[in-house]
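Heads up: the sequence shown is residues 133 to 370, going by our numbering.
Below is one structure; the comments refer to it alone.
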Amino acid sequence: MSSPQINTYSDPARVAEAAAVFFAYLLPWQEKVTVALSGGSTPMLLFQHLYADYRDRLDWSKVHFFWGDERCVPPDHPESNYGVAEQLLLHHPGIPPANIHRIRGEADPVAEAKRYAEELKEAVPLVNGVPAFDLLLLGMGDDGHTASIFPDQLSLLTTPEWCAVAHHPVSGQARITLTGQVLNNAHRVAFLVTGAGKAGRVREVLMQEGDWRQFPAAHVRPTHGQLYWFLDDAAAGL
Ligand code: 6PG
């Protein structure tokens with residue numbers, strides 16, 4: 133695995149702008165681009181920026197959208213990762229509905245994990261027999277979780293399953309998450325992390341200090357792809 137490329141920017145808005153360029157640059161060179169979105173609040177700025185500044189500049193019909201994880205709530209629930217992305221970006225008329233491969237948070241979690249794995253098998257090109265996204269966006273919680281792989285569920289990093297049911301360690305909320313095997317099979321993995329509150333964890337993960345082995349984000353090391361970290365100065369501890 134190659135070393136992560138770490139980029140820092142003055143503030144979250146600049147992180148979003150840089151990530152948008154990174155996303156846009158994929159499109160001219162491929163007929164189909166598979167992108168897995170992360171949830172949480174950090175990517176919201178990216179979605180807003182993509183809609184505002186790239187709405188009419190890209191061939192959006194090339195892009196197929198997936199998710200790295202989803203909360204087990206209906207799509208119109210405020211906590212739905214799909215719902216947030218749809219409101220901010222995916223309602224774009226240039227994105228064919230067939231290109232939006234949402235995880236059905238309203239479904240039975242065990243059945244949906246199985247179904248989504250089948251959808252990935254059909255919709256995402258395989259490398260070494262595993263779906264390989266062109267771009268996988270990830271965030272990191274201040275506990276070092278990523279997607280919905282939490283420190284108390286590290287087995288999801290090594291399970292042979294591509295999708296699994298997880299549970300938020302505090303709220304108990306059921307989640308569907310991609311597992312380590314898929315996360316680490318992407319061609320490009322980009323963490324977007326902002327805010328001073330994450331600076332300590334970012335350092336532990338990137339420098340492999342302290343209890344870094346217990347943090348799922350530290351185990352995202354693409355087997356054949358490239359890893360990127362887009363940080364604002366605060367998350368970089370600058
Ligand atoms: C989710 C995300 C999760 C998120 C981190 C960071 O569904 O919540 O996939 O992994 O990326 O919790 O979230 P923030 O960007 O809100 O800090």
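Glycine included, C-beta positions come from ideal geometry on N, C-alpha and C.
Source: prediction; values computed, not measured.
D191 sits in coil when the DSSP states are folded into three classes, being neither helix nor strand. The alpha carbon of L190 has as its nearest neighbour, out of S170, P175, S287 and F154, the alpha carbon of F154. Bridge pairing for F197: V167 and I232 [DSSP]. Taken in chain order, the complete alpha helix (DSSP H) segments of 4 residues or longer contained in the segment 301-364 are 312-315 and 331-339.
Counted as a single uninterrupted DSSP element, the stretch harbouring H277 is not any alpha helix (DSSP H), since DSSP gives it neither H nor E. Within the chosen limit of 7 Å, the ligand 6PG does not reach the beta carbon of T166 with any heavy atom. Between the ligand 6PG and D201, a heavy atom-to-CB distance of less than 7 Å is present. Here the alpha carbons of F198 and E254 stand approximately 12 Å from one another. Relative to the non-hydrogen atoms of the ligand 6PG, the Cβ of G312 never comes closer than 7 Å to any of them.
Exposure of A230 is indicated by the presence of fewer than 16 other C-beta atoms within 10 angstroms of its C-beta.
A heavy atom of the ligand 6PG is found nearer than 7 Å to the CB of A279. N213 counts as buried, since no fewer than 16 other beta carbons sit within 10 angstroms of its beta carbon.
Note that the C-beta distance between P348 and P241 is not below 8 Å.
An exposed status is given to S193, since fewer than 16 other beta-carbon atoms sit within 10 Å of its beta-carbon. Within the same chain, H224 come within 7 Å of R187 by CB-CB distance, once the 5 residues on both sides are set aside.
With fewer than 16 other Cβ atoms inside 10 Å of its own Cβ, Q137 counts as exposed. Here D365 is not near T174, since their CB atoms are 8 Å or more apart. DSSP places A249 in the helix class (H, G or I) of the three-state scheme. It is roughly 13 Å from the alpha-carbon of L359 to the alpha-carbon of V325. Two segments are said to touch when three or more pairs of C-beta atoms, one from each, lie closer than 8 Å; by this definition the segment 331-346 does not touch the segment 301-316. By the neighbour-count criterion, in which a residue is buried when 16 or more other Cβ atoms sit within 10 angstroms of its Cβ, K330 is buried. In terms of CA proximity to N317, P257 leads the group V205, S287 and P257.
For N213, the shortest C-beta to heavy atom distance toward the ligand 6PG is below 7 Å. By the neighbour-count criterion, in which 16 or more other beta carbons inside 10 Å mark a residue as buried, G261 falls on the exposed side.
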